[in-house]
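Novice: In UniProt numbering, the protein residues as written are 1 to 952. We treat Cβ as the ideally placed atom computed from N, Cα and C, and that holds for glycine.
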Amino acid sequence: MKEKTAKAKKQAKDNGTADSIFIKGARVHNLKNIDVSFPRNKFIVVTGVSGSGKSSLTIDTLFAEGQRRYAESLSAYVRQFLNRMDKPDVDYIKGLAPAIAIEQKVITRTPRSTVGSMTEIYDYLRLLFARAGKTISPISGRVVKKDDVIDVLDAIVHLKEGNKAFILAAFKQHRNRDEREELNILMQKGFSRIYVSPFSHVQKENPVKEGKIYHIEELLSSPGDFIEAFTYPENVYVLIDRIVVKKFDEDDIHRLSDSIGTAFYEGEGDVYLEVNGEKLLSFNNRFELDGINFEEPSPNLLSFNNPYGACPTCEGFSLVLGIDDDLVIPNKLLSVYEGAVAPWKGEKLGKWKEDFIRNARKFDFPVHKAIADLTPEQYKVLWEGNQFVNGINDFFKEVEQNLYKVQYRVILSRYRGRTLCPDCQGYRLRKEALYIKVNGKHIGELSEMPIRDLRVWFDNASKEFTPFEAQVAKRILIEINHRIDTMLSVGLGYLSLNRLANTLSGGESQRIQLTRSLGSNLTNSLYILDEPSIGLHPRDTNNLISVLKELRDLGNTVVVVEHDEMMMREADHIIDMGPLASHLGGEVIASGDYDAIIKNPESLTGKYLKGELRIDAPAKVRKWNESITIEGARQHNLKDVTVEFPLNVLCVVSGVSGSGKTTLIKHILFPALKKLHGEAADKVGFHRSIKGNTDSIASVEMVDQNPIGKSSRSNPVTYIKAWDNIRDLFSSQPLSKMRGFQPKHFSFNVDGGRCDACKGEGEKIVEMQFLADVHLTCEVCHGKKFKEEVLEVQYKGKNVFEVLEMSVDEAIEFFKDEKNISGCIRPLSDVGLGYVKLGQSSDTLSGGEAQRVKLASFLGKGKNIGKILFIFDEPTTGLHFHDIKKLLASFNALIEQGHSIIVIEHNTDVIKSADWVIDLGPEAGADGGYLVFEGKPSDLKKIKESRTGQFL
1 MKEKTAKAKK QAKDNGTADS IFIKGARVHN LKNIDVSFPR NKFIVVTGVS GSGKSSLTID
61 TLFAEGQRRY AESLSAYVRQ FLNRMDKPDV DYIKGLAPAI AIEQKVITRT PRSTVGSMTE
121 IYDYLRLLFA RAGKTISPIS GRVVKKDDVI DVLDAIVHLK EGNKAFILAA FKQHRNRDER
181 EELNILMQKG FSRIYVSPFS HVQKENPVKE GKIYHIEELL SSPGDFIEAF TYPENVYVLI
241 DRIVVKKFDE DDIHRLSDSI GTAFYEGEGD VYLEVNGEKL LSFNNRFELD GINFEEPSPN
301 LLSFNNPYGA CPTCEGFSLV LGIDDDLVIP NKLLSVYEGA VAPWKGEKLG KWKEDFIRNA
361 RKFDFPVHKA IADLTPEQYK VLWEGNQFVN GINDFFKEVE QNLYKVQYRV ILSRYRGRTL
421 CPDCQGYRLR KEALYIKVNG KHIGELSEMP IRDLRVWFDN ASKEFTPFEA QVAKRILIEI
481 NHRIDTMLSV GLGYLSLNRL ANTLSGGESQ RIQLTRSLGS NLTNSLYILD EPSIGLHPRD
541 TNNLISVLKE LRDLGNTVVV VEHDEMMMRE ADHIIDMGPL ASHLGGEVIA SGDYDAIIKN
601 PESLTGKYLK GELRIDAPAK VRKWNESITI EGARQHNLKD VTVEFPLNVL CVVSGVSGSG
661 KTTLIKHILF PALKKLHGEA ADKVGFHRSI KGNTDSIASV EMVDQNPIGK SSRSNPVTYI
721 KAWDNIRDLF SSQPLSKMRG FQPKHFSFNV DGGRCDACKG EGEKIVEMQF LADVHLTCEV
781 CHGKKFKEEV LEVQYKGKNV FEVLEMSVDE AIEFFKDEKN ISGCIRPLSD VGLGYVKLGQ
841 SSDTLSGGEA QRVKLASFLG KGKNIGKILF IFDEPTTGLH FHDIKKLLAS FNALIEQGHS
901 IIVIEHNTDV IKSADWVIDL GPEAGADGGY LVFEGKPSDL KKIKESRTGQ FL
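1) Just to confirm my understanding: we take F814, look at its own chain, exclude 5 residues before and 5 after, and list those with CB closer than 8 angstroms. What are they?
2) Tell me the rounded alpha-carbon separation between F388 and R361.
3) Which runs of the beta strand (DSSP E) spanning at least 3 residues fall entirely within the segment 629-669, listed in chain order?
4) For C421 and L281, which I take to be in contact (beta-carbon distance under 8 angstroms), what is that distance rounded to the nearest angstrom?
5) Are the Cβ atoms of D89 and V28 separated by less than 7 angstroms?
6) Going by beta-carbon coordinates alone, are V790 and G839 separated by less than 7 angstroms?
7) Would you give the residue range spanned by the beta strand (DSSP E) that Y272 belongs to?
8) Identify the continuous alpha helix (DSSP H) that holds I821 and give its terminal residues.
9) When DSSP labels each residue in this structure, what does S520 get in the three-state scheme?
10) Can you find the residues in the same chain that come closer than 7 angstroms, C-beta to C-beta, to F730, ignoring five residues on each side of it along the sequence?
11) Assign H782 to one of two classes, buried (16 or more other C-beta atoms within 10 Å of its C-beta) or exposed (fewer than that).
12) Going by DSSP, which residues form a beta bridge with residue 984?
13) Would Y494 be called buried (16 or more neighbouring beta carbons within 10 Å of its own) or exposed?
14) Are the beta-carbon atoms belonging to I628 and F129 less than 7 angstroms from one another?
15) So I59 packs on D530, CB below 8 angstroms; how close in whole Å?
16) Tell me whether S946 sits in a helix, a strand or coil according to DSSP, three-state version.
17) Please tell me whether S654 and T948 are closer than 7 angstroms, where the distance is taken between their beta carbons.
18) By Cβ distance below 7 angstroms, which residues in the same chain neighbour G444 in space, the five residues on each side in sequence not counted?
19) Going by DSSP, what residues sit across from L281 in a beta bridge?
20) Leaving out the 5 sequence neighbours to the left and right, which residues in its chain are closer than 6 angstroms to Y408 when beta-carbon positions are compared?
21) Quick check on the DSSP output: the alpha helix (DSSP H) that includes M187 runs from which residue to which?
22) Could you tell me if Y195 is buried or exposed, where buried requires 16 or more neighbouring beta carbons within 10 angstroms of its beta carbon?
23) Runs of 3 residues minimum, wholly inside the segment 98-167: which ones carry the beta strand (DSSP E) assignment?
24) Specify whether the segment 701-710 and the segment 843-850 touch according to this definition: at least 3 beta carbon pairs, one from each stretch, less than 8 angstroms apart.
25) Can you tell me whether DSSP reads V932 as helix, strand or coil?
26) Leaving aside the five residues before and after K7 along the sequence, list all residues of the same chain whose C-beta is less than 7 angstroms from its C-beta, in chain order.
27) Less than 7 angstroms between the C-beta atoms of residue 953 and V750, yes or no?
28) Starting from M702, follow its DSSP beta bridges and name the residues at the other end.
29) Can you look up N460 in the DSSP assignment and give me helix, strand or coil?
30) Three-state secondary structure (DSSP) at K42?
31) Mind pulling the alpha helix (DSSP H) runs of 4 or more residues that sit fully within the segment 292-373?
32) Who are the near neighbours of V932 in its chain, counting only those whose CB is closer than 6 angstroms to its CB and skipping five residues on each side?
33) In the DSSP assignment, find the unbroken beta strand (DSSP E) run with Y237 in it and report its ends.
34) Within 10 Å of its beta-carbon, does I821 have 16 or more other beta-carbons around it, so buried, or fewer, so exposed?
35) Output the residue ranges of the beta strand (DSSP E) runs that lie fully inside the segment 831-904 and measure 3 residues or longer, sorted by chain position.
36) By the three-class DSSP mapping on this structure, what secondary structure does G25 have?
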């Protein structure tokens with residue numbers, strides 16, 4: 001019996017039902033029918049060389065099956081509206097938990113989505129402001145509030161004992177009724193007296209010297225009294241109740257409350273309290289003050305994604321089509337005197353400049369000072385003018401008045417662009433929403449603060465709350481602070497809530513989604529993260545690991561696809577895929593903890609971790625004598641830095657996340673060089689000038705990880721332009737000449753030789769409405785993409801389809817006699833893509849593989865393309881230690897050809913292999929943007945202020 005129980009336990013453990021998720025027979029993409037077990041409630045790292053099958057196992061198998069099972073639980077009717085989910089090619093998965101994938105994609109392109117809305121912090125802020133915010137009048141600065149019965153009662157109770165008070169409602173005369181009719185209606189309602197007060201409820205001189213009470217019945221029968229009472233109608237009130245102030249008991253309070261309620265109703269929201277005939281206190285239950293009717297705070301009023309709250313001018317986008325100040329003042333280093341204002345030129349329009357300069361001395365405006373150095377007040381005067389001088393806005397008003405003349409229409413079109421909304425000043429909300437404040441700040445001001453400053457502000461603000469506000473805000477603040485703390489832990493404290501989601505990097509976007517997932521406090525779920533450490537400085541990786549462990553400690557299984565050594569050391573379990581990539585990978589080489597991976601002789605990862613294999617720094621660094629210098633860079637958080645970029649060497653730009661690397665390279669250097677070479681580019685970031693050997697480079701190329709082609713027919717061999725030579729070779733074979741085949745017959749992109757049934761795809765997709773689409777091999781060509789007669793043409797015994805199925809390394813050997821073909825393909829092998837099939841669809845390539853295909857296309861062009869400056873943005877993303885070694889070899893090959901390389905990178909192996917390092921920092925956001933170091937990597941270790949130097 002004991003034997004049976006032990007056997008059953010072992011069987012349960014093997015099948016993953018006890019305490020793990022068990023995958024049996026996974027065959028997605030290049031996975032070779034593998035069985036693998038993921039222990040539950042553990043922090044698991046899946047690693048391996050690029051293309052070894054990590055994403056196929058985690059995202060395309062585990063996550064895809066989790067999603068599909070959820071979808072299957074819905075009705076057939078609902079499923080037809082969801083994205084159809086393919087069933088992964090796997091025998092079965094046991095013990096699967098609900099799956100959440102957080103991928104390294106910028107998940108939104110809409111300009112409405114911000115960091116605040118993605119993390120949900122902004123939604124909680126709206127709730128806080130709607131429930132605990134005070135509306136402040138912009139005229140008097142007083143708090144706007146509605147008066148209630150309690151407020152009037154409170155005023156009465158706080159009067160001195162013995163004071164006499166009248167509760168009054170203004171006498172209202174409605175349309176088509178005279179005073180007598182109104183008095184009759186008041187009698188029918190049960191009122192018996194009116195009161196003529198010395199105080200008018202309309203702010204006028206008070207001609208009535210002292211108050212007098214009239215009985216309505218007597219008034220109607222006495223014409224003399226009637227005329228006397230209604231001589232000044234704005235002083236006439238309905239007398240609701242008379243009181244002498246004393247210690248009120250419970251019955252008195254009930255009576256007073258009743259009277260006040262009646263007065264509010266009768267006075268249509270207004271109640272007046274006259275005390276001793278000496279003063280008149282007014283109360284109203286409308287939300288108004290200083291003659292303005294304010295909107296009552298509500299979450300929708302504070303949302304720029306809701307038509308009720310969005311600024312009506314820019315509709316919540318913060319930008320409108322107007323006069324673009326970057327076009328009006330293109331060079332901010334010039335002064336007004338030197339002609340900084342572009343439209344103020346020529347004989348006629350130049351008079352505006354002359355008038356401005358002539359009158360500037362009247363208010364000490366510095367006309368010889370560069371625009372960039374003006375104070376905000378001086379810059380405002382230049383645009384808006386004052387009593388002495390007309391500004392740029394006045395100039396454009398005159399232009400708009402003359403639009404019937406064609407030359408003025410041309411001027412206006414030249415200076416129009418997307419500019420900050422003049423009504424909401426970029427806060428996106430209608431002005432009524434910005435009157436609502438908590439602790440003196442409105443929601444727009446909080447959205448502009450870096451998150452680290454927001455944390456400090458909340459700590460101080462919560463001390464200032466009244467007991468009522470503290471009670472209302474208690475739950476909201478727990479949610480806000482939890483999310484802010486997570487943002488700080490994952491190294492995003494430099495972001496502000498109004499930062500647009502579509503300007504974030506993939507790594508930032510992923511860590512923000514992680515913040516949202518942690519905020520939801522799910523348990524017993526499976527989280528799959530695709531390289532969350534991307535874009536993170538080694539200093540911030542530790543914090544990220546503690547966040548992932550927190551997720552695990554809530555009772556979740558956390559699976560991370562990662563190459564970072566620090567992550568592997570901290571993981572509970574590691575799965576190493578390999579041994580190599582593509583069809584040479586797809587197997588589990590080793591699994592277990594960190595020590596088990598190191599001890600496994602088969603594991604390539606293990607060899608690098610224990611130092612058997614390593615990436616060595618070069619024996620000597622290259623000397624350089626040409627460079628390009630950016631002077632006075634001030635865009636975003638850059639603090640007027642001047643940086644020299646050497647040419648013909650490997651130059652690495654490093655620094656913590658948010659220190660200004662992307663701003664310096666992608667927003668200033670790249671577009672500025674593009675424009676110098678006469679190419680179209682984005683708006684160039686603010687800098688003084690660009691100097692140096694800009695003519696010595698023929699062009700500048702940004703090599704990123706975006707896919708190499710949108711079509712499923714796009715593949716590496718067509719991208720590097722080697723397929724044209726292969727088609728020429730096949731069309732020159734004797735059988736081709738007999739049949740009249742041309743190169744186009746060997747293309748799967750145009751009609752001619754490709755299969756007419758599947759249009760060269762090799763498969764047909766059958767749409768199944770609410771079930772997954774079915775991919776069927778084409779029954780005409782049997783997946784071979786070409787017509788039978790084309791496939792009969794062979795070179796060295798292989799037809800065109802068999803050539804497409806070869807790996808790059810096989811093809812180099814096969815075409816060794818055709819130097820033009822093998823020479824075209826070789827760069828793919830040089831960058832470490834020898835395993836990729838020539839015809840592999842580009843949408844199955846990882847980001848790192850796509851980047852290396854682009855790199856190969858440049859290597860293949862050799863020296864014929866002139867000297868190029870290549871810019872790589874974190875090229876080690878998705879790369880194993882082994883792949884980084886190959887990448888560095890490719891960089892060296894490009895430099896040998898005479899090209900120059902600038903790399904934005906955090907990876908210490910790449911930094912120490914550089915010839916020149918530019919380190920920005922020392923911190924992120926407002927504390928960054930300084931040049932900490934420039935020089936050889938070996939000297940960077942000596943710089944105490946450098947966060948990068950500490951990890952080299």
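Specialist: According to the structure shown:
1) Around F814: K796, K798, V803, M806.
2) Rounded to the nearest angstrom, the gap between the Cα atoms of F388 and R361 is 10 angstroms.
3) Uninterrupted beta strand (DSSP E) stretches at least 3 residues long and entirely within the segment 629-669 occur at 641-646, 650-654, given in chain order.
4) In fact, because the Cβ distance is near 42 angstroms, the residues do not count as touching under 8 angstroms.
5) Yes, the pair counts as a contact, with Cβ atoms nearer than the cut-off.
6) No; because the gap between Cβ atoms is not below 7 angstroms, this pair is not in contact.
7) According to the DSSP assignment, Y272 belongs to the beta strand (DSSP E) that extends over 270-275.
8) Per DSSP, I821 belongs to the alpha helix (DSSP H) from 819-830.
9) S520 falls in the coil class under three-state DSSP.
10) The residues are S736, F746, V793, Y795, V800.
11) Burial call: exposed.
12) Lying outside 1 to 952, the shown extent of the chain, residue 984 is not represented and no answer is given.
13) Counting the other CB atoms within 10 Å of its CB gives Y494 a total of 16 or more, which places it among the buried residues.
14) Not a contact, by the Cβ cut-off of 7 angstroms.
15) Taking C-beta atoms under 8 angstroms as the contact rule, I59 and D530 qualify, at a distance of about 7 angstroms.
16) Three-state result, S946: coil.
17) With respect to the 7 angstroms criterion, S654 and T948 are classified as neighbours on the basis of their beta carbons.
18) Correct list, in chain order: Y427, L429, L434.
19) Answer by DSSP bridge pairing, in chain order: L273.
20) Within the same chain, Y408 has close Cβ partners V399, N402.
21) From DSSP, the alpha helix (DSSP H) with M187 extends over 179-189.
22) Buried is the call here.
23) Here the runs fully enclosed are 99-102, 134-136.
24) Using a Cβ-Cβ distance cut-off of 8 angstroms, the segment 701-710 and the segment 843-850 are in contact, since at least three pairs of beta carbons, one from each stretch, lie closer than that value.
25) If DSSP states are grouped into helix, strand and coil, V932 belongs with the strands.
26) Model confidence at K7 stands at a pLDDT of 46, short of 50, so the residue's coordinates are unreliable; what they give is reported in the following sentence. By the criterion of a C-beta distance shorter than 7 angstroms, K7 is surrounded by no residue of its chain, once the five residues flanking it on both sides are discounted.
27) The requested residue 953 is not part of the displayed model; the chain covers only 1 to 952.
28) I871.
29) The three-state reading of DSSP puts N460 in helix, counting H, G and I together.
30) In the three-state DSSP reduction, K42 falls in the coil class, being neither helix nor strand.
31) Here the runs fully enclosed are 325-328, 350-360.
32) Once the five neighbours on either side are set aside, the close Cβ partners of V932 are D919, G921, P922, E945, S946.
33) Membership of Y237 in the beta strand (DSSP E) is indicated by the continuous run 236-244.
34) When all chains shown are included, I821 counts as buried.
35) Runs found: 868-873, 900-904.
36) Here G25 sits in strand by DSSP.
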